[in-house]
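Only one structure is covered here, and it is reproduced in the block below.
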Amino acid sequence: MADTKTYATGKRKTAVARVFLVPGTGKISVNARTAEDYFVRETNRMVMRQSLELLELNDQYDVQATVAGGGHSAQAEAMRHGIARALITLDPERRSSLKRAGFLTRDARKKERKKYGQPGARKRFQYSKR
1 MADTKTYATG KRKTAVARVF LVPGTGKISV NARTAEDYFV RETNRMVMRQ
51 SLELLELNDQ YDVQATVAGG GHSAQAEAMR HGIARALITL DPERRSSLKR
101 AGFLTRDARK KERKKYGQPG ARKRFQYSKR
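Be aware that the sequence shown starts at 1, since it is given in the UniProt record's numbering, and climbs by one per residue.
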């Protein structure tokens, strides 16, 4: 199992992350760029690493990810979801701690569609009595 890649998909809103875990030194590459280069905000980098930090596996796996769709925050959360799923594929014993932290739950909240005859999803045009 020394040279194998473990694959998992993570999702959030419209963002999809294809995550590959390889035993290594802790390097993270996103769309062939470093994580520091791709995610400008420190909070997004922190969110992305949360599932590895929870299990204290930061320096044991290299992460190679391809993300598409959504914004940077949704992509970071999609990566966290994908990394958590890949870690479970490697060792099912980790499931309970990742589940307790909420990293396995696919956050299903999406933008609600705009309806015809009104300006937005829920907003109505101003009511005129006369």
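Cβ atoms here follow ideal geometry from the backbone N, Cα and C, with glycine treated the same way.
Note that the structure is predicted; figures quoted are calculated from it, not measured.
Any chance the stretch 57 to 67 sits against the stretch 20 to 34, with 3 or more Cβ pairs inside 8 angstroms? yes
Endpoints, the beta strand (DSSP E) within which F63 is located: Looking at the sequence itself, residue 63 is Val, so the reference to Phe does not match. Its beta strand (DSSP E) spans residues 61 to 68.
Does the Cβ of S96 have 16 or more other Cβ atoms within 10 Å, making it buried, or fewer, making it exposed? exposed
Are the beta-carbon atoms of Q75 and V63 separated by less than 8 angstroms? no
Please state the DSSP three-state secondary structure of E42. Helix at E42.
Which class does T89 belong to by DSSP, given the choice of helix, strand or coil? helix
Taking contact to mean at least 3 C-beta pairs separated by less than 8 angstroms, is the stretch 75 to 88 in contact with the stretch 3 to 22? Yes, the stretch 75 to 88 is in contact with the stretch 3 to 22.
State the CB to CB distance for the pair G69 and V16, rounded to an integer number of angstroms; the pair is presumed to be in contact (CB under 8 angstroms). 6 angstroms
If you draw a straight line from the C-alpha of L52 to the C-alpha of K110, how long is it? 26 angstroms
K11 lies in the beta strand (DSSP E); which residues open and close that run? 6 to 12
Note down, in chain order, each residue of its chain lying with its Cβ closer than 6 angstroms to the Cβ of M1, except the 5 sequence neighbours on either side. Residue confidence for M1 is low, a pLDDT of 49 falling below 50, so the modelled location carries little weight; the figure read from the coordinates is stated next. Counting only Cβ-Cβ distances below 6 angstroms, and skipping sequence neighbours, we find nothing.
Is the CB-CB distance between T9 and L90 below 8 angstroms? Remark: C-beta atoms of T9 and L90 do not approach each other more closely than 8 angstroms.
Nearest to R12 (by Cα), restricted to the options E42, V30, H81: H81
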